[in-house]
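Novice: Sequences listed follow chains W and Z, in order. The first sequence begins at -8 in the working numbering and counts up one residue at a time. The second sequence begins at -8 in the working numbering and counts up one residue at a time. Have a look at this one before I ask anything.
Protein chains: 2
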Amino acid sequence: MYDGLKGFRDFYHAEMGPRREVIDTLEATAKRYGFREVGTPAMERTEMYVDKSGEEIVEELYAFEDKGGREVSLTPELTPTVARMVVAKQQELSKPIKWVSTRPFWRYEQVQQGRFREFYQTNVDVFGSAEPEADAEVLAFAADALTNLGLTGEAFEFRVSHRDILGGLLAAFDADVDSREAIRAVDKSAKIDDEEYHDLLIEAGLSADQATEFDGLLDTDAANLDELIEFAGTDRVEAAVTNLQRVLDVAADFGVREYCTLSLETARGLDYYTGVVFECFDATGEVSRSVFGGGRYDDLIEGFGGQPTPAVGVAPGLAPLSLLLQRADVWPDEGFTTDYYVLQVGDTRDVAAGITRELRERGHIVETDLSGRSFGGQLDYADSINAETVVIVGEQDLEDDAVTVKDMASGDQQQVPLAEFPGDRDRPTFEDF
Amino acid sequence: MYDGLKGFRDFYHAEMGPRREVIDTLEATAKRYGFREVGTPAMERTEMYVDKSGEEIVEELYAFEDKGGREVSLTPELTPTVARMVVAKQQELSKPIKWVSTRPFWRYEQVQQGRFREFYQTNVDVFGSAEPEADAEVLAFAADALTNLGLTGEAFEFRVSHRDILGGLLAAFDADVDSREAIRAVDKSAKIDDEEYHDLLIEAGLSADQATEFDGLLDTDAANLDELIEFAGTDRVEAAVTNLQRVLDVAADFGVREYCTLSLETARGLDYYTGVVFECFDATGEVSRSVFGGGRYDDLIEGFGGQPTPAVGVAPGLAPLSLLLQRADVWPDEGFTTDYYVLQVGDTRDVAAGITRELRERGHIVETDLSGRSFGGQLDYADSINAETVVIVGEQDLEDDAVTVKDMASGDQQQVPLAEFPGDRDRPTFEDF
């Protein structure tokens, strides 16, 4: 007997059913927005990740040398891969490019609640639009996906921020600030205590007083964003605030403003974000980590050797999403259904197989005996697969050119002429006879 | 600019559309048979493959040591993984277990036409039935999947054989035969010349005359299978022939016998097959390699430490399947469609966003401007995404509480009251007004 690997999961069919339902909802929502599916490789050259995130990223990667001597890694996220793909065909692809895909990714990290070494995400990205409409569309997709999954605004909120407000405010202080480090500190602030947070800001170059002032500025709410422009007095902060306000305005037009809360403490850990960023949280606070996040990353394509191409995206992960849905009690049911079980009694396989085939051709889920089981054994099996209707094909009935149709919920059954089952009916049930 | 890895493919949306359509058809067909989806990991312990196939298999694997010192491999096929999963929960799972999944696999091998290092398969398996009904159901699924994809019996054939007929015939010779080697020679026979094939049989232990006689026996057709029983005179060959005949009989009941040809030269390369095996071929002979194959592997679960559990499965690969579908000219179209483009003229975003939202809520594929484009630019974009209907939301029309609905195929357009678009209509088009 072999064990699976730690952090890698087997999804048996009872668990896979709900997962598939959630993935289908995410993808159907994206499809309505005009996002088109792409298929992407599980492996890339390691240098792509090192160039983007530094040598230390290799510690988190499944990185190895392949048999041809190439340094390769299992993809830990989709963004670098789709950025590579955009660069490779940037002349041919008409803008905006709107892509969606759902697939696993891999990171060698500590396994904990809702976090695995193999994990699944649905990635949605828009390339080629710098307009706030693109940011808002990504927010609207994410909100629609969650409401389509059965969540209400009481269950989740999007904490929305803007990278350049943070960067611009930091630059406005009379200090030599490493804003990358300071933004990382902001990203961590909810998870660490205040003192540690302040120390990190001071390490990044702010004085103690400045750190306190900066922290205070981050409490500004949506109605008072203009105060930040006033504080900084720079075009940079003004542009960032205006952009964020416009994104929230378009989100209102798309009907999803109600799910968005301004939260300047939301910074997103990854370095490549450049504009609006957002994270989805459990509004009840029971799931403390961010469920998923997204944002604008206008510099990545150029950094990958392409023409400057603005981009914005979001990537709901299935594991954190399942925690959120379970808390809200809208995770789909594990029960699976079967439309028909065709039960064979005696030597009736040819007729039973024909009925099975006809019902399958009409698109129904149909099973029949594969194991030479008794009448009772077959009925138990039909019950175990939640068959709605059992069609009993018995030798005696067949002498009368008939079969027996049994409704499994009520237990009622009825003899029906063979010619009428299924006959012209698209979905014959006990009720029809 | 980064390159993707050799043998790994990027599927842009135009190529992914047809692939998704094919995968959806395979999965929908499996679903109607009552196969339930499972989700499986991309990585397993390398020892699982070595135990099953010998140390030399490592040469074909993406095998490496992970950061925790485990010897791991990317999964080159699904069968060992599902066998492991069956063993892990064999008490809980009611039999037959019927599983389906579609996902990538990885092998470090030479890249050639229709063969890649990352490749996709739909795996369908039945565990827990030794009856010919299970083999026939797998054959019927495969045939239905191909006809649902648009192929006719002129385009493909299943060459069906039985491992134990080969093994039993070999054992019936008065010689010390390594039947594993001999069956491998049979598997290769179509790809090598006769002399080489005979030499391999002789190396496996047959005399030259026996090799010729054995080769002659393999030409036996379905009507004369009893001659093989007579030749061997063993229960083993009799049981195998009877089993094969019964599988073909049930296949007839399921309506798929017409796609099956008896072909004892079909042996399937993998060692773990034990009973009926089959391979799908392009009936025109233009695609010379087997498109995909399957068969019965009754010993694997026990070999993995489980209770004896008979099993049978098939795994259509997307790449060889696409060759077959392209030859037969039934590979799906690359064109994608968009139901509506909502065009904004002037400051009409709020109304346009509302219409966009209402149409999406009805399940349609709808795009609107994300790039601040001009009227002409938006119309060109709508054309590039094959929008069927364009809804023009202009400031002047809005003064009359109206929008303009344009049919992109005819170019016809018409002013329509805003209250009626979409109004109560589920799918309003130009025709409705």
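Virtual Cβ for every residue (Gly too), placed ideally from N, Cα, C.
Quick check on Glu122(Z): buried or exposed, where buried means 16 or more other Cβ atoms within 10 Å of its Cβ?
Specialist: Translated into the one-based positions of the second sequence, residue 122(Z) becomes position 131. Classification of Glu122(Z): buried, given that the 10 Å Cβ count is 16 or more.
Novice: Which bits of chain C does Trp322(Z) rub up against, with CB to CB less than 7 Å?
Specialist: Of the protein chains in the structure, W and Z, none is chain C.
Novice: Assuming Ile346(Z) contacts Val382(Z) under a Cβ cut-off of 8 Å, what Cβ separation, rounded to an integer in Å, is found between them?
Specialist: Start at 1 with the first residue of the second sequence, and residue 346(Z) comes out as number 355. Start at 1 with the first residue of the second sequence, and residue 382(Z) comes out as number 391. At roughly 6 Å, the Cβ-Cβ gap stays under 8 Å, so Ile346(Z) and Val382(Z) are in contact.
Novice: In three-state DSSP terms, what is Pro408(W)?
Specialist: As a working mapping, residue 408(W) is identified with position 417 in the first sequence. Pro408(W) falls in the strand class under three-state DSSP.
Novice: Just confirm the distance between the C-beta atoms of Glu100(Z) and Glu51(Z), as a whole number of angstroms; I'd bet it's less than 8 Å.
Specialist: Walking along the second sequence from the start, residue 100(Z) turns up at place 109. Walking along the second sequence from the start, residue 51(Z) turns up at place 60. That belief holds up - the Cβ atoms of Glu100(Z) and Glu51(Z) are roughly 6 Å apart, short of 8 Å.
Novice: Is it buried or exposed for Asn426(W), if we count other Cβ within 10 angstroms and need 16 for buried?
Specialist: Beyond the ends of chain W as shown, which are -8 and 424, falls residue 426(W); an answer cannot be given.
Novice: Does the CB of Arg248(Z) have a neighbour CB from chain W at under 9 Å?
Specialist: Counting from 1 along the second sequence, the entry for residue 248(Z) is found at position 257. By this cut-off, Arg248(Z) is not an interface position.
Novice: Going by other Cβ atoms of all chains shown within 10 Å of its Cβ, with 16 needed for buried, is Met39(Z) buried or exposed?
Specialist: Here residue 39(Z) is taken as the residue at index 48 of the second sequence, counted from 1. Buried.
Novice: With three or more C-beta pairs closer than 8 Å as the rule, is the segment 315 to 329 of chain Z touching the segment 79 to 96 of chain Z?
Specialist: With a cut-off of 8 Å, the segment 315 to 329 of chain Z and the segment 79 to 96 of chain Z do not count as touching, because too few Cβ pairs lie within range.
Novice: Taking the DSSP output, what are the residues bridged to Leu65(Z)?
Specialist: What you label residue 65(Z) is simply residue 74 of the second sequence in a count that begins at 1. Partner(s): Met34(Z).
Novice: Quick check: what's the CA-CA separation for Asp423(W) versus Gly385(W)?
Specialist: As a position in the first sequence, residue 423(W) is number 432, starting the count at 1. As a position in the first sequence, residue 385(W) is number 394, starting the count at 1. C-alpha separation (whole angstroms): 20 Å.
Novice: What does Asp357(W) reach in chain Z if we use C-beta pairs closer than 8 Å?
Specialist: For the purposes of this step, residue 357(W) is taken as the residue at position 366 of the first sequence. The sequence given here has Val at residue 357(W), not Asp. Here the neighbours are Arg23, Tyr24, Gly25.
Novice: Contact between the segment 177 to 196 of chain Z and the segment 297 to 306 of chain Z is defined here as three or more beta-carbon pairs at a separation below 8 Å; is this criterion met?
Specialist: No, they do not touch.
Novice: Would Leu361(W) count as contacting chain Z if we go by Cβ distances under 9 Å?
Specialist: Mapped onto the first sequence, residue 361(W) falls at position 370. Yes, Leu361(W) lies at the interface with chain Z (some Cβ there is under 9 Å from its Cβ).
Novice: Would you verify that the beta carbon of Arg348(W) is, or is not, closer than 9 Å to some beta carbon of chain Z?
Specialist: Here residue 348(W) is taken as the residue at index 357 of the first sequence, counted from 1. Closer than 9 Å: yes.
Novice: I'd like the span of the alpha helix (DSSP H) that includes Arg150(Z), first residue to last.
Specialist: By 1-based counting over the second sequence, the position of residue 150(Z) is 159. Arg150(Z) -> not in any alpha helix (DSSP H); beta strand (DSSP E) instead, spanning 147 to 153.
Novice: Quick one: what does DSSP say Phe245(Z) is sitting in, helix, strand or coil?
Specialist: Mapped onto the second sequence, residue 245(Z) falls at position 254. Of the three classes helix, strand and coil, the one that applies to Phe245(Z) here is coil, per DSSP.
Novice: Nearest to Glu194(Z) by CA position, among Leu209(Z), Thr211(Z), Gly207(Z), Arg175(Z), is which residue?
Specialist: Sequence index remark: in the second sequence, residue 194(Z) carries index 203 (1-based). Cα-wise, what sits closest to Glu194(Z) is Arg175(Z).
Novice: Can you list, in chain order, the residues of its chain with a C-beta nearer than 7 Å to that of Asp417(Z)? Leave out the 5 residues immediately preceding and following it.
Specialist: As a working mapping, residue 417(Z) is identified with position 426 in the second sequence. Cβ neighbours of Asp417(Z) beyond the five flanking positions: Arg353.
Novice: Would you call the CB atoms of Glu128(W) and Phe222(W) closer than 9 Å?
Specialist: To locate residue 128(W), count along the first sequence from 1; it is residue 137. To locate residue 222(W), count along the first sequence from 1; it is residue 231. No, the pair does not count as a contact, with Cβ atoms beyond the cut-off.
Novice: Just verifying my parser: in three-state terms, what is the DSSP assignment at Val115(W)?
Specialist: In the first sequence, counting from the first residue as 1, residue 115(W) sits at position 124. Three-state result, Val115(W): strand.
Novice: For Ala33(W) and chain Z, any beta-carbon pair shorter than 9 Å?
Specialist: Along the first sequence, read from residue 1 onward, the residue named residue 33(W) stands at position 42. Answer yes: the Cβ-Cβ gap between Ala33(W) and chain Z drops below 9 Å somewhere.
Novice: Within 10 Å of its beta-carbon, does Phe366(Z) have 16 or more other beta-carbons around it, so buried, or fewer, so exposed?
Specialist: Start at 1 with the first residue of the second sequence, and residue 366(Z) comes out as number 375. Exposed, since its Cβ has fewer than 16 Cβ neighbours within 10 Å.
Novice: Label Met(-8)(Z) either buried or exposed according to how many other C-beta atoms from any shown protein chain fall within 10 Å of its C-beta, with 16 as the threshold for buried.
Specialist: In the second sequence, the residue the question calls residue -8(Z) occupies position 1. So Met(-8)(Z) counts as exposed.
Novice: Distance, Cα to Cα, Ser279(W) vs Leu315(W)?
Specialist: One-based indexing of the first sequence puts residue 279(W) at position 288. One-based indexing of the first sequence puts residue 315(W) at position 324. Distance between the alpha carbons of Ser279(W) and Leu315(W): 10 Å.
Novice: Which chain W residues sit within Cβ distance under 8 Å of Thr329(Z)?
Specialist: Here residue 329(Z) refers to the residue found at position 338 of the second sequence. Result: Gly25.
Novice: Does the segment 248 to 263 of chain W come close enough to the segment 143 to 159 of chain W that 3 or more CB-CB pairs lie under 8 Å?
Specialist: Yes: at least three Cβ pairs fall under 8 Å.
Novice: Between which two residues does the alpha helix (DSSP H) holding Asp190(W) run?
Specialist: Residue numbering aside, residue 190(W) sits at position 199 when the first sequence is read from its first letter. Element bounds for Asp190(W): 185 to 194.
Novice: Taking Ser281(W) as the reference, give the member of Asn114(W), Tyr53(W), Ala310(W), Gly207(W) with the closest Cα.
Specialist: If you number the first sequence from 1, residue 281(W) lands on position 290. The option with the nearest alpha carbon to Ser281(W) is Ala310(W).
Novice: Met34(Z) to Asp338(W), Cα distance in whole Å?
Specialist: Locating residue 34(Z) in the second sequence gives position 43, counting from the first residue. Locating residue 338(W) in the first sequence gives position 347, counting from the first residue. Answer to the nearest angstrom: the Cα atoms are 45 Å apart.
Novice: Taking the alpha carbon of Pro431(W) as the point to measure from, which residue in Tyr250(W), Ala79(W), Asn114(W) has its own alpha carbon closest?
Specialist: Since the displayed chain W opens at -8 and closes at 424, residue 431(W) lies outside it and no answer follows.
Novice: Only counting runs of 4 or more residues, tell me where the alpha helix (DSSP H) segments fall wholly within the segment 350 to 395 of chain W, in order along the chain.
Specialist: For the segment 350 to 395 of chain W, whole alpha helix (DSSP H) runs of length 4 or above, ordered along the chain, are 366 to 375, 386 to 390.
Novice: Tyr510(W) and Phe132(W) look like a contact to me (Cβ under 8 Å); what is the Cβ gap, rounded to whole Å?
Specialist: A question about residue 510(W) goes unanswered here, because the residues of chain W that appear run from -8 up to 424.
Novice: Within 10 Å of its beta-carbon, does Val241(W) have 16 or more other beta-carbons around it, so buried, or fewer, so exposed?
Specialist: Numbered from its first residue, the first sequence carries residue 241(W) at position 250. Buried, because 16 or more other Cβ atoms sit within 10 Å of the Cβ of Val241(W).
Novice: Out of curiosity, what's the CA-to-CA distance linking Glu28(Z) and Asp210(W)?
Specialist: Residue numbering aside, residue 28(Z) sits at position 37 when the second sequence is read from its first letter. Residue numbering aside, residue 210(W) sits at position 219 when the first sequence is read from its first letter. Roughly 47 Å between the two C-alpha positions.
Novice: Helix, strand or coil: how does DSSP classify Pro71(W) here?
Specialist: Looking up residue 71(W) in the first sequence gives position 80. Three-state result, Pro71(W): helix.
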